[in-house]
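Chemist:
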Amino acid sequence: MLTSSSLTGAVTWVEVGAWTYHYSDRGDYAWEQARNYCQTFFTDLVAIQNKQEIEYLNRSLPFHKRYYWIGIRKLHGIWTWVGTRKVLTKEAENWAAREPNNRRSNQDCVEIYIKRPQESGKWNDEPCSQKKKALCYRASCQPFPCSQRGECVETIGSYRCECYPGFHGPECEDVVQCTKLEPKGVRMNCSHPYGDFSYNSTCVFRCQEGFEQRGVDMLRCLPSQQWSADTPTCTVLSAPDRGELNCSHLHGDFAFGSTCAFSCQTGFALTGPETRECTAAGTWTGDSPRCEAAACPALSVPDQGELNCSHLHGDFTFGSKCAFSCQTGFVLMGPETRECTATGTWTGDTPRCKAIACPALSAPDQGELNCSHLHGDFTFGSMCAFSCQTGFVLMGLESRKCTAMGTWTGDSPRCEGRAAARAQGVTGLGVTAGFSPYPGSSLNCAHLPFSHCLPGAQRSRPRRAELLPPPWGLCLWLHMCLLLPDWVCADGAREP
Ligand SMILES: [Ca+2]
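Written as structure tokens, this is what we have:
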């Protein structure tokens, strides 16, 4: 359907159902003027929402060589939908190839190519002062749309209501219903903003004097068609959790003069009044008492250990159980578990973690032992270092460590004499010879005087070489002068 508007005589419009597109038929306007025009006679410059609409516009509108302004422009350097002031998202962009190019740096407004040979339906940035046709739309959403119980969303040629929670129907005219409440023995007072027992209806409850309410004071009808809680009930006095009620009645059950005493199970203590009495006014004295689990002192984690508790009625109260364990290298001394009793005390004593012991070590012969102990003498983490007296060499490990298994690393070292120490050098060779020309004479080579070594060198033990066998008595003693370390005594020295 195409007609001329009687309002200006200069408007052509295309109508599809409720949302209509309009464009200025005669005049071409700068962008601001075009917007002004649209806002005066319609709603605004078009805010294109999807490809379907672009196709529709390209199909429906006539070709115009200067094309049409649409409702996007640069605000503070950002492309923005002017109607909603929302930023143009990447997904919604529909630019022609190599656009927006902002030629001459003044292209701040957007045109749509309608029926262009190429890039038809695409957008281009243009200087806002250019004159083009205004492409307007008239919104379908009424001033007070969707019964004011939802968002009105424009669609091509129509609109749709997105109802708020609690409402439904095309115009959100229907309200969610909850079940009708008919509680017994409890007074109810309801308010129904949208209809009887409907969305957001609230009901408050109160018990008669002398009765006690169990449950919440107020219910609300939720969008899920459910009430926010169960209907409360009114009861005569009842025993507290983990407690008992013992009543005596003078004039009738739970009537004037009735007295009720409260007590708690073993391990629980009463907080609140011990007794309540039904007064002449038909109310009970005092508040509801409660039974609370007996509390034990809080336990702490042992040094080098862990504590793992489970609580039945509350942290460190009657029924709480705590298990103890120790880190590697430590052994638990005391009970593995403790339990909070009905009297508010713990079973057993406080356990502790003791470092695992290794056998005591002793110093090697001719040596010394030097130990450091982390957790106690010769226990897990102890470290012992070994050393030898002067003149002795440590054979084996220099140190041993007590492991988490209660054993020492390595074997015991020994200190050995340095007799086998090697000479550092030879400074001379001594030769002593003895000769007896007569067979059978008794030449005692042992009594021969030996030559001496220079200071600083030590003489090796002489060795005899018998050049001629007895009875000839020719003997030769050989010794060396050796440079030995200070700590080697001459007696211990041997030939290298
Ligand atoms: Ca451009």
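For the sequence shown, full-length UniProt numbering begins at 1 and goes up steadily by one. The C-beta atom is built at its ideal place from N, Cα and C for all residues, glycine as well.
Would you tell me roughly how many angstroms separate the C-alpha atoms of Gly150 and Ala96, rounded to the nearest one?
Modeler: Distance between the alpha carbons of Gly150 and Ala96: 36 Å.
Chemist: Work out the CA separation of Gly410 and Leu374 for me, nearest whole Å.
Modeler: The straight-line gap from Cα to Cα measures roughly 19 Å.
Chemist: Would you please state the rounded distance, in angstroms, between the beta carbons of Thr306 and Phe268? I believe it to be under 8 Å.
Modeler: Just to set this straight, residue 306 is Glu in the shown sequence, not Thr. Not quite, the Cβ-Cβ distance comes to about 30 Å (not below 8 Å), so this is no contact.
Chemist: Taking the alpha-carbon positions, what's the Trp477 to Pro455 distance?
Modeler: Distance between the alpha carbons of Trp477 and Pro455 is about 21 Å.
Chemist: Please classify Ser105: does DSSP put it in a helix, a strand, or coil?
Modeler: Helix.
Chemist: Tell me the residue span of the beta strand (DSSP E) that contains Leu88.
Modeler: Looking at the DSSP string, Leu88 is not in any beta strand (DSSP E), and its letter there is neither H nor E.
Chemist: Could you check if Arg66 is buried or exposed, using at least 16 other CB atoms within 10 Å of its CB as the buried criterion?
Modeler: Exposed, by the Cβ-count rule.
Chemist: Answer with buried or exposed for Pro359, where buried requires no fewer than 16 other C-beta atoms within 10 angstroms of its C-beta.
Modeler: Exposed, because fewer than 16 other Cβ atoms sit within 10 Å of the Cβ of Pro359.
Chemist: What's the C-alpha gap between Arg276 and Gly257?
Modeler: Spanning the two alpha carbons is a distance of roughly 10 Å.
Chemist: Under 8 Å by Cβ, that's how I've got Asn246 and Ser263 pegged, so tell me the actual separation to the nearest angstrom.
Modeler: Confirmed, about 7 Å.
Chemist: Should Glu99 and Asn58 be called a contact, given that it needs their Cβ atoms to be closer than 8 Å?
Modeler: No, they are not a contact pair.
Chemist: Ser24: buried (16+ other C-beta within 10 angstroms of its C-beta) or exposed?
Modeler: Buried: at least 16 other Cβ atoms inside 10 Å.
Chemist: Put Trp477 into one of helix, strand or coil per three-state DSSP.
Modeler: Strand at Trp477.
Chemist: Using a threshold of 8 Å, state whether the C-beta atoms of Ala294 and Thr233 are closer than that.
Modeler: Going by C-beta atoms, Ala294 is not nearer than 8 Å to Thr233.
Chemist: Apart from the five residues just before and just after Ser228, which ones in its own chain have a Cβ nearer than 7 Å to its Cβ?
Modeler: Once the five neighbours on either side are set aside, the close Cβ partners of Ser228 are Leu219, Arg220, Leu222.
Chemist: Buried or exposed: where does Glu182 fall if 16 or more other Cβ atoms within 10 Å of its Cβ makes it buried?
Modeler: Looking at its Cβ environment, which holds fewer than 16 other Cβ atoms inside 10 Å, Glu182 is exposed.
Chemist: Does Trp13 pass the burial test, meaning 16 or more other C-beta atoms within 10 Å, or should it be called exposed?
Modeler: Because the pLDDT of Trp13 is 45, which lies under 50, any placement of that residue in the model is unreliable, and the number read from its coordinates should be weighed accordingly. By the neighbour-count rule (16 or more Cβ atoms within 10 Å), Trp13 is buried.
Chemist: Is Ser4 helix, strand or coil by DSSP?
Modeler: For Ser4, the predicted model reports a pLDDT of 29, less than 50, meaning its position is unreliable; a value from the coordinates is still stated below. Correct three-state label for Ser4: strand.
Chemist: Is the beta carbon of Ser320 less than 8 Å from the beta carbon of Ser310?
Modeler: Cβ distance < 8 Å, so Ser320 and Ser310 count as in contact.
Chemist: Mind reading off the beta-carbon distance from Cys152 to Pro145? Whole number of angstroms is fine, and I expect it under 8 Å.
Modeler: Right, the Cβ-Cβ distance comes to about 4 Å (below 8 Å), so this counts as a contact.
Chemist: Taking contact to mean 3 or more Cβ pairs, one atom from each stretch, closer than 8 Å, check whether the segment 42 to 52 and the segment 66 to 85 are in contact.
Modeler: Verdict: yes, contact present.
Chemist: Does DSSP classify Gly492 as helix, strand or coil?
Modeler: Confidence in Gly492 is poor, its pLDDT being 41 and thus under 50, which makes the residue's placement unreliable; the coordinate value appears in the next sentence. Gly492 falls in the helix class under three-state DSSP.
Chemist: Shorter than 7 Å, the distance from the beta carbon of Arg26 to the closest heavy atom of ligand 1, or not?
Modeler: Checking the Cβ of Arg26 against ligand 1 gives no.
Chemist: Just list the residues that DSSP pairs residue 502 with in beta bridges.
Modeler: Residue 502 lies beyond the residue range present for the chain, which begins at 1 and ends at 496; the question has no answer from this structure.
Chemist: Heavy atom of ligand 2 less than 7 Å from the Cβ of Pro100, yes or no?
Modeler: Ligands present in the displayed structure are limited to ligand 1, and ligand 2 is not among them.
Chemist: Which residue marks the beginning of the beta strand (DSSP E) containing Leu219, and which one marks its end?
Modeler: Residues 218 to 220.
Chemist: How would you write the range of the alpha helix (DSSP H) that Ser310 sits in, first residue to last?
Modeler: No alpha helix (DSSP H) contains Ser310, which is instead part of the beta strand (DSSP E) from 305 to 310.
Chemist: Is Gln107 near ligand 1, in the sense that its beta carbon is under 7 Å from a heavy atom of that ligand?
Modeler: Indeed, a heavy atom of ligand 1 lies less than 7 Å from the Cβ.
Chemist: Determine which residues share a DSSP beta bridge with Gly367 and list them.
Modeler: Answer by DSSP bridge pairing, in chain order: Cys388.
Chemist: Quick check on this structure: which residue in Cys340, Asp287, Thr279 has the alpha carbon closest to the alpha carbon of Gly272?
Modeler: Cα-wise, what sits closest to Gly272 is Asp287.
Chemist: How long is the line joining the alpha carbons of Thr390 and Phe324, rounded to whole angstroms?
Modeler: Between Thr390 and Phe324, the C-alpha separation is close to 51 Å.
Chemist: Please report the straight-line C-alpha distance between Ala363 and Pro297, rounded to a whole angstrom.
Modeler: Near 48 Å, if we compare the C-alpha coordinates of Pro297 and Ala363.
Chemist: Assuming Lys51 is part of the alpha helix (DSSP H), what are its boundary residues?
Modeler: Here the alpha helix (DSSP H) through Lys51 covers 51 to 60.
Chemist: If distances are taken between C-alpha atoms only, which option among Glu55, Cys128, Ser412 comes closest to Lys401?
Modeler: Checking every option, the nearest Cα to that of Lys401 belongs to Ser412.
Chemist: Looking only at its chain, what residues have a beta carbon closer than 6 Å to the beta carbon of Gly348, apart from the 5 residues adjacent to it on each side?
Modeler: Pro335, Arg338, listed in sequence order.
Chemist: According to DSSP, is Asn200 helix, strand or coil?
Modeler: Of the three classes helix, strand and coil, the one that applies to Asn200 here is coil, per DSSP.
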